Structure formats: C-alpha cells, structure tokens
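Written out below as structure tokens is the structure these notes cover.
2 protein chains.
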Amino acid sequence: MERTPPHPDPSQFALQQVLEALVDPVRRSIVTQLDTTGLDIKCGDFDIPVSKSTATHHFNVLREAGLIRQYYVGTARMNTLRRDDLDHVFPGLIEALISRPAARL
Amino acid sequence: MERTPPHPDPSQFALQQVLEALVDPVRRSIVTQLDTTGLDIKCGDFDIPVSKSTATHHFNVLREAGLIRQYYVGTARMNTLRRDDLDHVFPGLIEALISRPAARL
Numbered sequence: 001m002e003r004t005p006p007h008p009d010p011s012q013f014a015l016q017q018v019l020e021a022l023v024d025p026v027r028r029s030i031v032t033q034l035d036t037t038g039l040d041i042k043c044g045d046f047d048i049p050v051s052k053s054t055a056t057h058h059f060n061v062l063r064e065a066g067l068i069r070q071y072y073v074g075t076a077r078m079n080t081l082r083r084d085d086l087d088h089v090f091p092g093l094i095e096a097l098i099s100r101p102a103a104r105l
Numbered sequence: 001m002e003r004t005p006p007h008p009d010p011s012q013f014a015l016q017q018v019l020e021a022l023v024d025p026v027r028r029s030i031v032t033q034l035d036t037t038g039l040d041i042k043c044g045d046f047d048i049p050v051s052k053s054t055a056t057h058h059f060n061v062l063r064e065a066g067l068i069r070q071y072y073v074g075t076a077r078m079n080t081l082r083r084d085d086l087d088h089v090f091p092g093l094i095e096a097l098i099s100r101p102a103a104r105l
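Going down the list, the protein sequences come from chains Z and F.
Here the first sequence stands for residues 1 to 105, numbered as in UniProt numbering.
Here the second sequence stands for residues 1 to 105, numbered as in UniProt numbering.
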C-alpha cells in the first residue's frame, strides 16, 4: 500500500486544475478511454501517441487534479476514472467534455 | 460594418480551441460576467485585473474560439456571449463551467 501515490480529496478539487488537466488532448483521451470502456486500465494499455515517460507525466497531472485514481496490481499501475467524485463536485463537466458521443473534438 | 471582426460559424467550433480559451481564468471571468448579467458588455466595462492591451488579446481569443460575438456601437466595442451557439455545439459545457453557481473556482 505504501506505493499508492497520494490522491486529493474531492473537497480539494479545483476547477482551474481540472481544466488545465483536460485542456491537453492526450490527457483528455486517457479520460475518454476510461469513461468509454468503464474499466480500470493499466498505464501501458492506453492508446496514446506518447513515450512512456511522457505518459507517466500525464497520469500524474490527471491524478493530482483528481481525475483518476491509481493503484497497483503486482507491478502494474492501474487507473480508475473518479467519475462519481467529479460529477459531485463539477456536475455535468465530464458529461459535456468526454461522454457525449456527438461532442466535436 | 467593415470594422466588425470575423467570427467563426458554429460548424467551425472546436472543443480544443474552446478549452484553450476557457482554461485562462481571466477569459473565464469575461464569459462568466456576460453569462451572469445576461447583457452585452463594453470591452472597457469588464471587471478584470489586466491592462487594456492584454484584455484585447483575451477578447480576440474568445471571439476566435466562438465564445463571444463583438460589434461596434459608435467607438465602443461590445461583447455578446454566444450562448445559444455554444449550447448547440457543446451541450452542457457552459452550464458546467460557468453558469452553475455552486461551481468551485
């Protein structure tokens, strides 16, 4: 458990930080893949066009903003979308940015 | 009329450009003031902590992304929130980011 990185409590979520996370198209793609599949996904299993070290940076930004929760299964770092927490603090935001199939990219 | 600057058609709106416009807190404040008052506001009448030239840049970014419409009344440049166009292309986005009074900044 000591390897689990820190996560903000929903009371610490800030719209500015969430928007700075989601303005990046790679990070928005990570969130979209989690939301679309409804599954937890290993860091190495996302379809994103960046190096592993760049991907790690993007995951950190998403985790620190409260968008994803990370945990280990063996040596694999897994990612969960914090959809319930986000919907509670920012109602409609993920729906408007991510979930709506007709949303124009 | 020749002084009216160009505006994108809603078919040209892009989520990436809209997010890049709204990630800036000053630009988000401009949009919030337009939405909250429901009025058209002169460039010089917004409550924003930036110089006139910086403000002009922010208005240009908002106009080019499709968030505001600008027109002249005499020498005053007026600003209108394109709320209907935005709601049509990005349903729920302005509501989630701007209009909800409980939204955490």
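Cβ atoms here follow ideal geometry from the backbone N, Cα and C, with glycine treated the same way.
This one's a predicted model, so the numbers in the text were calculated from it and none came from an experiment.
- When the Cα atoms are used, Ile94(Z) and Asp87(Z) turn out to be separated by approximately 7 Å.
- At least one C-beta of chain Z is nearer than 7 Å to the C-beta of Leu19(F).
- Leu15(Z) and Arg27(Z) have their C-alpha atoms roughly 16 Å apart.
- Beta-bridge pairing by DSSP links Ala76(Z) to Val73(Z).
- Taking a contact to require three or more Cβ pairs closer than 8 Å, the region 29-44 of chain Z and the region 53-73 of chain Z qualify as touching.
- Taking a contact as a CB-CB distance under 8 Å, the pair Arg63(Z) and Pro5(Z) counts as one, their CB atoms being some 6 Å apart.
- Across the set Pro91(F), Phe90(F), Leu81(F), Leu97(F), the C-alpha of Leu81(F) shows the shortest separation from the C-alpha of His7(F).
- Listed in chain order, the non-local C-beta contacts of Thr36(Z) below 7 Å within the same chain number zero, local neighbours out to five positions each way being set aside.
- Leu67(Z) carries a coil assignment under DSSP once its states are collapsed to helix, strand and coil.
- Boundaries of the alpha helix (DSSP H) harbouring Thr32(F): 25-37, taken from the DSSP string.
- At a cut-off of 7 Å, the C-beta of Val50(Z) has no neighbouring C-beta in chain F.
- Ile94(Z) sits in a helix when the DSSP states are folded into three classes.
- For Leu34(Z), no Cβ of chain F is located within less than 7 Å of the residue's own Cβ.
- Using a Cβ-Cβ cut-off of 8 Å, Pro5(Z) is close to nothing in chain F; its nearest Cβ partner there is about 23 Å away.
- Below the 7 Å Cβ cutoff, chain Z contributes Gln16 as neighbours of Pro25(F), in chain order.
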